[in-house]
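Engineer: Residue numbers (full-length UniProt numbering), protein chains in the order written: chain A, 1 to 291; chain U, 1 to 953.
Let me begin by handing over the structure; questions about it come next.
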Amino acid sequence: MATVQVSEAEKVYILHGIRDDLRVDGRGCEDYRHMEIETDVVSNTDGSAKVTLGHTAVLVGVKADIGKPRPMVPNEGYFEFFVDCSANATPEFEGRGGEELGTELSNTLYKVFNNKHSVDLKSLCISAGEHCWVLYVDVLLLQCDGNLYDAISVAIKAALFNTKIPRVHISADEEGVKEIELSDDPYDCMRLNVENVPCIVTLCKVGHRHVVDATLQEKACSVASLIISVTHKGTVTCTRKVGGGSLDPESIFEMTEAGKRVGKALHAPLMKLLQQEESLGKTRQKVGFLG
Amino acid sequence: MLKSKTFVRKTRSGGVMKIVREHYLRDDIWCGSEVCAECKQESTVLQRDACIESNLCSYPHYVIPDTNVVLHQIDVLEDPVIRNVIILQTVLQEVRHRSAPVYKRLKDMIHEKEKFFYAFTNEHHRETFIEREPGESANDRNDRAIRVAAQWYSQHLKTSESDADGLKVVLLTNDQGNKQKAEESGLLVYKCEEYIKSLIGNPELVDRLALSNDDKHDITSSKVLFPEHLPLSRIQAGIKSGAFVQGTFRASRDNYLEATVFVQGDGEESTEILIQGLQNLNRAVYQDVVAVQLLPQNQWVAPSSVVLQDEGAAKDDNEEEKEEDEEKALRISAAEAARKPTGKVVGIIKRNWRPFCGMLNISQIKESTRHLFTPADRRIPRIRIETRQASTLAGQRIMVAIDGWPKHSRYPNGHFVRSLGNAGEKDTEQEVLLLEHDVPHQDFSQAVLSFLPKMPWTITPEDMARREDLRNLTVCSVDPPGCTDIDDALHCRELNNGNLEVGVHIADVSHFIRPGNAMDREAANRGTTVYLCGKRIDMVPELLSSNLCSLRSNVERLAFSCIWEMNHEAEILKTRFTKSVINSKASLTYAEAQMRIDDTTKNDDITKSLRGLNKLAKILKRQRIQKGALTLSSLEVRFHIDSETHDPIDLQTKELMETNSMVEEFMLLANISVAQKIYDEFPDCAMLRKHPAPPPSNYDILLKAAKSKGVEIHTDTAKALADSLDVARVDGFPYFNTLLRILATRCMMQAVYFCSGMDSDFHHYGLASPIYTHFTSPIRRYADIIVHRLLAVAIAADSTYPDLMDKQKQSALANNLNYRHKMSQYAQRASVAFHTQLFFKSRGILNEEGFVLFVRKNAIIVLIPKFGLEGTVFFDAKDKAGPKLVFDEEGPTLNVEQHTFRIFDKVKVTISLDASNIQHQKIRMSLIDPVIPGVSVPAPEVEPQAKKPKLDH
């Protein structure tokens with residue numbers, strides 16, 4: 001994981017600041033940094049989004065492909081996640097340096113997103129037991145400045161919102177051989193309902209308090225953090241503790257409550273923003289990567 | 001401005017792929033009109049004065065056809081009258097997608113300067129590009145793009161036209177919806193038929209209109225004649241599940257109710273399925289790719305050996321009863337034992353229609369504009385066309401294209417394409433046979449000619465430095481008289497060590513034809529030079545074939561030499577290949593060379609060289625025959641052509657001299673040496689030639705025929721066959737041996753080119769050589785050019801290029817060469833047949849002796865050795881009761897009344913030209929001896945035509 005070296009004096013300064021609900025960059029403990037979202041940035045994916053959070057930048061692309069359903073759930077489609085920690089983000093990722101982090105991130109993403117409560121997986125089924133849509137979610141870390149989980153989760157939600165799956169029809173001839181027919185109209189496509197897709201809120205325990213959206217410096221002062229995925233209703237669907245230190249039950253409870261609050265508050269403006277962007281249609285000026 | 005085009009496609013593995021293409025729009029695409037002052041174009045295509053006499057559009061105008069008009073009415077568009085047409089990129093792309101041949105023709109038209117066709121890239125024009133809208137189908141989008149472009153043009157021309165000559169654009173579409181929308185947006189729009197019919201000056205164009213869908217309803221008769229074809233999706237599913245098989249449809253030449261479908265199996269394996277009866281043939285046309293369903297085994301039939309011709313003029317849709325009778329006759333004749341897998345056509349996978357040559361059968365109803373067209377190729381059904389110029393077209397050879405074959409029509413519907421000229425005229429007939437055999441015979445294009453060396457041409461010092469100087473050798477060439485494309489020359493001299501040095505020098509065509517340029521591609525496509533009687537269709541431009549490459553005497557020429565050192569027993573001690581410069585000392589004919597050898601008084605270098613070659617050739621030939629090479633026979637005919645009228649005045653079979661075989665031996669030797677060399681160097685991509693051993697069943701007819709004369713033929717190996725042919729003699733029948741050899745030739749397989757990496761069997765059966773190729777005639781065969789290139793690379797005299805080493809590409813090339821080679825042979829034969837007819841036309845009736853070559857169910861095939869001519873004597877007649885015929889397949893013998901015909905029987909026939917069917921003029925033979933009452937005719941001094949019933953075939 002990308003880390004920075006922080007001196008003792010700096011640590012004390014950060015710790016004391018957080019104790020007084022005042023962070024180095026002037027935020028409160030439950031405030032996010034400035035966030036920018038743009039969808040449909042990669043034209044050859046079926047859905048994509050780019051999110052910058054402070055200096056953290058991630059790009060998510062969703063590709064839909066036809067595959068075979070998992071034997072246990074023949075009438076559901078599924079997700080595949082892959083997180084690519086490019087050496088652009090930080091030199092530590094060079095070579096195989098980012099592999100461990102990538103695996104850790106994608107494992108968490110499986111837990112959070114690949115279940116029927118987040119997306120209606122049944123709608124991804126084409127014909128039970130034979131064909132289903134597999135959504136390949138590729139995450140590319142462009143820059144690391146702390147709080148990767150939250151940025152990734154927001155980007156995934158935005159990318160899924162943006163995803164347009166081509167509509168297919170199953171035609172069967174008299175011998176019962178099924179043939180998949182693709183609609184030749186590029187506008188004829190299926191959208192996903194992303195209302196219940198959770199967002200991840202990472203809470204960092206710094207001293208006796210916890211902060212949301214920790215920067216790398218704050219992260220360096222923290223011994224442990226809690227990852228909580230929260231839906232728009234405030235339901236916690238997944239929690240995970242990361243970091244070497246320990247958390248006492250009291251503060252876990254506190255942090256969960258804070259996470260619910262923050263997460264709930266995050267969803268509403270996000271959805272509003274996405275719908276606003278969608279409504280612009282083709283008239284929208286694309287920013288892309290150079291803007 | 002950048003746009004992106006997005007579409008989704010299904011991949012082969014069943015996945016779905018989203019493809020995004022970048023699409024750039026520009027504002028520097030000009031309109032191409034002479035009128036326009038606004039566009040900064042360097043040259044214009046469309047004329048200012050775009051007038052055509054039309055009673056719909058009296059003003060000058062440009063025509064914009066939509067995709068369907070181009071696809072269906074390409075024949076009309078090709079007419080020189082139609083000019084100033086704007087072809088939109090949208091249309092061009094759609095056409096390309098839907099029909100490759102039409103696309104090529106369209107491209108040719110655009111390049112034709114006289115046509116004033118302008119291709120407007122509207123898809124890249126900033127103002128005419130449109131994006132597909134939600135809910136719009138791809139076709140609708142393209143229609144809209146065409147309308148938008150037409151709109152743009154009419155606006156553009158209006159603004160730029162200063163002197164107000166009222167130039168307009170006219171959109172042609174056959175789509176009602178599109179037309180309506182275009183009218184709403186204020187465009188001038190007509191249906192294609194409307195527009196063409198309005199062209200007052202050129203009424204004949206109407207004939208070329210293809211029948212569109214609504215026209216076809218006119219012909220609807222209540223009766224549905226054919227079963228419906230299955231849709232493609234079901235055919236594909238059926239093929240996948242094994243219910244249907246896919247194959248190429250091959251109609252029978254002799255029987256219009258019978259066809260076979262050739263199914264390419266895995267690897268070498270392939271099967272044939274028999275199709276019998278109109279219903280089962282189900283509107284398939286020769287060469288179509290069809291889906292076939294096999295019938296249950298108890299319905300299998302045997303191929304009939306009846307010769308049956310469709311008498312279409314006499315009977316039309318309402319006379320099926322007779323047809324049914326004919327079909328029944330087919331069934332009954334099926335022998336139980338000889339049944340073959342039989343099936344029926346259930347659907348067409350790919351039509352392979354091309355324009356067909358043939359003649360019109362004028363309808364008996366005087367006012368009728370609908371006529372039947374009879375193609376020259378008997379495997380093609382008659383085609384119904386609509387024309388108002390029937391009276392002028394009668395007696396002409398014309399080309400007709402098929403438009404469709406509805407299920408309620410006995411014949412396919414088509415339209416007139418063009419006239420080739422009067423039937424029976426030499427030029428017309430030549431054109432017909434070139435077209436029918438798919439021989440590319442247009443003049444060489446400018447692009448091809450641009451790759452010719454500049455004249456005057458000399459050998460440069462650089463060439464000289466890289467080549468061996470063999471100018472001092474006594475090289476000479478020996479060819480048939482009148483040969484201008486001399487591609488081989490020979491020399492032989494004694495070395496100081498007592499051995500002989502023999503050289504074969506082949507024209508270095510690959511020096512002039514460089515890989516990949518237009519000339520090379522043209523030559524590769526043509527594949528071979530085609531020799532017709534009195535005409536040669538060159539593979540390479542004449543400057544090369546008759547001058548620069550031709551190894552004429554007393555000029556310096558580039559050559560590729562194969563030089564052996566041999567001892568006096570013709571054993572090869574050393575072989576080497578080199579690029580060289582030679583100076584031939586003499587170009588001789590076979591006869592001249594023979595005379596020099598025989599003339600003991602002559603003792604110059606050339607004669608000595610020839611004698612040396614001749615001596616070695618004899619030894620080589622003996623060795624080859626000992627190894628089991630076959631000497632087969634086929635009669636080749638030579639015409640003496642009148643120098644002024646170019647009509648044949650005499651005809652003789654070709655004679656072979658010792659010198660023929662001398663040249664041949666050394667060519668064989670060179671070919672074998674080169675084959676070995678290139679195969680050693682390039683085991684994967686050598687271009688070789690093989691001659692597969694025929695399957696034993698091929699020999700059945702030969703064995704039976706020989707047996708009937710008490711002679712036994714062994715066919716186990718080539719050697720056994722050659723030996724038994726050598727000893728096969730019958731007393732008092734000197735011609736027997738030749739006849740046997742002619743028959744044996746017919747049992748053989750075709751020799752073919754192939755790429756060594758794609759095959760494992762290299763054996764050349766006829767020459768009894770384990771490996772063989774063609775090296776010695778690069779002027780007239782493309783395979784030799786490839787072999788030259790390979791050999792040049794092998795001896796490091798030239799560089800290689802990727803396609804040469806690509807075995808897939810080589811293999812595809814070999815297939816084309818094989819096809820062209822086969823077609824050129826057919827064309828050659830057809831040309832000989834035509835000249836034979838001309839000859840007999842001038843000769844009237846002749847009585848000749850001949851031999852029965854084959855026995856058929858209702859006919860015998862007779863060979864006249866004097867003319868090398870084969871003809872059929874029929875014993876049954878359509879409109880009168882024929883004699884009693886008993887056919888025995890075992891013999892095979894045919895019993896006519898009292899007389900029994902066997903193979904090799906000597907008969908006497910009268911030969912005359914039957915011109916009753918001008919399309920298929922043919923030599924007709926009738927029997928004189930043996931005399932069979934009611935069958936044979938008296939030896940005629942009289943005109944026999946009047947006495948015999950018309951035998952049409």
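Glycine residues also receive a C-beta, built at the ideal position from the N, C-alpha and C atoms.
Does any residue of chain U bring its CB to less than 8 Å from the CB of Val287/A?
Structural biologist: Not an interface residue.
Engineer: What span of residues does the beta strand (DSSP E) with Val20/U cover, start to end?
Structural biologist: First-last of the beta strand (DSSP E) with Val20/U: 16-24.
Engineer: Starting from the C-beta of Pro453/U, find all residues in its chain whose C-beta is less than 7 Å away, skip the five residues before and the five after it, and write them out in chain order.
Structural biologist: These residues qualify, in order along the chain: Phe512, Leu548.
Engineer: Less than 8 Å between the beta carbons of Ser609/U and His505/U, yes or no?
Structural biologist: No, they are not a contact pair.
Engineer: Give the straight-line distance between the Cα atoms of Thr108/A and Gly61/A, rounded to the nearest whole angstrom.
Structural biologist: Each residue's Cα considered, the two are about 17 Å apart.
Engineer: In this structure, does DSSP put residue 954/U in helix, strand or coil?
Structural biologist: Residue 954/U lies beyond the range of chain U shown here (1 to 953); nothing can be said about it.
Engineer: Which stretch, first to last residue, makes up the beta strand (DSSP E) that contains Arg209/A?
Structural biologist: Segment 209-212, the beta strand (DSSP E) holding Arg209/A.
Engineer: Looking at C-alpha atoms only, which residue of Gly482/U, Gly612/U, Ala728/U is the closest neighbour of Phe666/U?
Structural biologist: Ranking Gly482/U, Gly612/U, Ala728/U by Cα distance to Phe666/U puts Gly612/U first.
Engineer: So what does DSSP say about Trp300/U, is it helix, strand or coil?
Structural biologist: Note: Trp300/U maps to coil in three-state DSSP.
Engineer: Which of the three DSSP states is assigned to Cys85/A in this structure?
Structural biologist: Three-state result, Cys85/A: strand.
Engineer: Check whether chain A comes within 8 Å of Arg96/U, counting only Cβ atoms and requiring the distance to be less than that.
Structural biologist: Judged by the 8 Å Cβ criterion, Arg96/U is not in contact with chain A.
Engineer: So the beta strand (DSSP E) Ala489/U belongs to, where does it begin and stop?
Structural biologist: Ala489/U -> beta strand (DSSP E) spans 488-494.
Engineer: Would you mind sorting Ala100/U into buried or exposed? The rule is 16 or more other CB atoms within 10 Å of its CB.
Structural biologist: Under this definition Ala100/U is an exposed residue.
Engineer: Hey, does Asn44/A have any beta-carbon neighbour from chain U nearer than 8 Å?
Structural biologist: So, interface residue.
Engineer: Short of 7 Å Cβ to Cβ, which residues in the region 2-30 of chain U face chain A?
Structural biologist: Those would be Ser4, Thr6, Phe7, Val8, Lys10, Gly14, Gly15, Val16, Lys18, Val20, in chain order.
Engineer: Do Thr202/A and Ser183/A have their CB atoms nearer than 8 Å?
Structural biologist: Contact: no.
Engineer: Which one of Tyr679/U, Phe887/U, Ile860/U has the shortest CA to CA distance from Phe904/U?
Structural biologist: Among Tyr679/U, Phe887/U, Ile860/U, the Cα nearest to that of Phe904/U is on Ile860/U.
Engineer: For Met17/U, which residues in the same chain have their Cβ closer than 6 Å to its Cβ, ignoring the five residues on either side in sequence?
Structural biologist: So the list reads Arg9, Thr11, once near-sequence residues are dropped.
Engineer: In whole angstroms, what separates the C-alpha of Met758/U from that of Lys807/U?
Structural biologist: For Met758/U and Lys807/U, the distance between alpha carbons rounds to 7 Å.
Engineer: Enumerate in chain order the residues of its own chain whose CB-to-CB distance from Val112/A is below 8 Å, with the five nearest sequence positions on each side excluded.
Structural biologist: The answer, listed in chain order, is Ser118, Ser153, Pro198, Ile200, Ser229, Thr237, Cys238.
Engineer: Report the rounded CA-to-CA distance for Thr578/U versus Leu449/U, giving the unit in angstroms.
Structural biologist: When rounded, the distance between both Cα atoms is 28 Å.
Engineer: Classify Val346/U as buried or exposed, calling it buried when 16 or more other Cβ atoms lie within 10 Å of its own Cβ.
Structural biologist: Its Cβ being crowded by 16 or more others within 10 Å, Val346/U is buried.
Engineer: Taking Cβ to Cβ, would you say Arg378/U is nearer than 8 Å to Arg576/U?
Structural biologist: No, they are not a contact pair.
Engineer: Classify Glu181/A as buried or exposed, calling it buried when 16 or more other Cβ atoms lie within 10 Å of its own Cβ.
Structural biologist: Exposed, because fewer than 16 other Cβ atoms sit within 10 Å of the Cβ of Glu181/A.
Engineer: Mind checking if Leu182/A is an interface residue toward chain U, Cβ cutoff 8 Å exclusive?
Structural biologist: Closer than 8 Å to some Cβ of chain U, the Cβ of Leu182/A qualifies, so yes.
Engineer: From Thr601/U to Met595/U, what distance separates their C-alpha atoms?
Structural biologist: For Thr601/U and Met595/U, the distance between alpha carbons rounds to 11 Å.
Engineer: Quick check on Tyr782/U: does DSSP put it in helix, strand or coil?
Structural biologist: Helix at Tyr782/U.
Engineer: What separation, rounded to the nearest whole angstrom, lies between the Cα atoms of Asn510/U and Val832/U?
Structural biologist: Per the sequence presented here, residue 510/U reads as Ser, with Asn not at that position. Straight-line Cα distance between these residues: approximately 32 Å.
Engineer: According to DSSP, simplified to helix, strand and coil, what is Gly281/A?
Structural biologist: In the structure shown, Gly281/A sits in a helix (DSSP, three-state: H, G or I).
Engineer: Give, in chain order, every residue of the UniProt domain "PIN" (61-180) of chain U whose Cβ lies closer than 9 Å to some Cβ of chain A.
Structural biologist: The UniProt domain "PIN" (61-180) of chain U vs chain A, Cβ under 9 Å: Glu131, Arg132, Glu133, Pro134, Gly135, Glu136, Ser137, Ala138.
Engineer: When the Cα of Ser54/U is compared with those of Cys39/U, Ser760/U, Ile82/U, Asp488/U, which residue comes out closest?
Structural biologist: Comparing Cα positions, the closest option is Ile82/U.
Engineer: Which partner residues of Ala172/A appear in the DSSP bridge assignment?
Structural biologist: Bridge partners of Ala172/A: Lys178/A.
Engineer: Within the UniProt domain "Exoribonuclease phosphorolytic" (32-166) of chain A, note down every full alpha helix (DSSP H) run reaching 4 residues or more, in order along the chain.
Structural biologist: Fully enclosed alpha helix (DSSP H) runs of 4 or longer: 99-113, 148-162.
Engineer: According to a CB-to-CB cut-off of less than 7 Å, which residues of the region 160-172 of chain A neighbour chain U?
Structural biologist: Hits within the stretch, in order: Pro166.
Engineer: Ignoring anything shorter than 4 residues or poking outside the region 232-276 of chain U, list the alpha helix (DSSP H) runs there in chain order.
Structural biologist: Fully enclosed alpha helix (DSSP H) runs of 4 or longer: 232-241.
Engineer: To the nearest angstrom, how far is it from the Cα of Pro375/U to the Cα of Pro231/U?
Structural biologist: Their backbone Cα atoms lie some 29 Å apart in a straight line.
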